[in-house]
Amino acid sequence: MPGHPARLISGLAQLPMENNPSLSVVLATSGRFQIVLATVAHLRRKSVARQIEFVIVTPQAASFGFPDALRDLFNSVKLVSLPELVSIDRANAEGAFQCTAPIVAFVEDHVFPQPEWAEALITRFAAGDYAAVGPVVRN
């Protein structure tokens, strides 16, 4: 299944072709663009932003309002419609099925990754050192 997260295992050491994303970032939200604005601002500042496929799962995909000017900062932006956002688990799974990069990361609209987060993920996965990683939580 092309977009399934399980394909990570077989393709970890392979870098994507030139125009393919290196990292898919899934963000589930029940709101509109304004709610995810800070997350988008953090992601677009990454040196690898053009390697990021940004997948947003929302019940309001048709009226989400992602600005066209920001789309060009990423490899691609996908808006996935999930009519009833019942659980974050289901929304993340739906987003993961739409991913095309060999690495899938799940983010939330109130958490902002460290500056070199995306670069570190791409580099370490490409080296084949890791098959899966989890977050460090700090207060």
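Taken in order, the sequence shown gives residues 74 to 212; the numbers are from this note's numbering. Don't be surprised by glycine CBs; every beta carbon is placed ideally from N, CA and C. Note that the coordinates shown come from a computational prediction; the quantities given were computed from them, not determined experimentally.
Beta-carbon spacing of Pro-132, Ser-95 below 8 Å: In this structure, Ser-95 does not lie closer than 8 Å to Pro-132 by Cβ.
Would you decide whether Thr-196 is buried or exposed? Buried here means 16 or more other CB atoms lie within 10 Å of its CB. Classification of Thr-196: exposed, given that the 10 Å Cβ count is below 16.
Report, in whole angstroms, the separation of the C-beta atoms of Thr-173 and Ser-120, which I expect to be a contact under 8 Å. About 21 Å; that fails the 8 Å criterion.
The beta strand (DSSP E) that contains Leu-100, what's its start and end? Start and end: 96-101.
At 3 residues or longer, what runs of the beta strand (DSSP E) sit wholly inside the stretch 152-190? Complete beta strand (DSSP E) runs here, min 3: 177-180.
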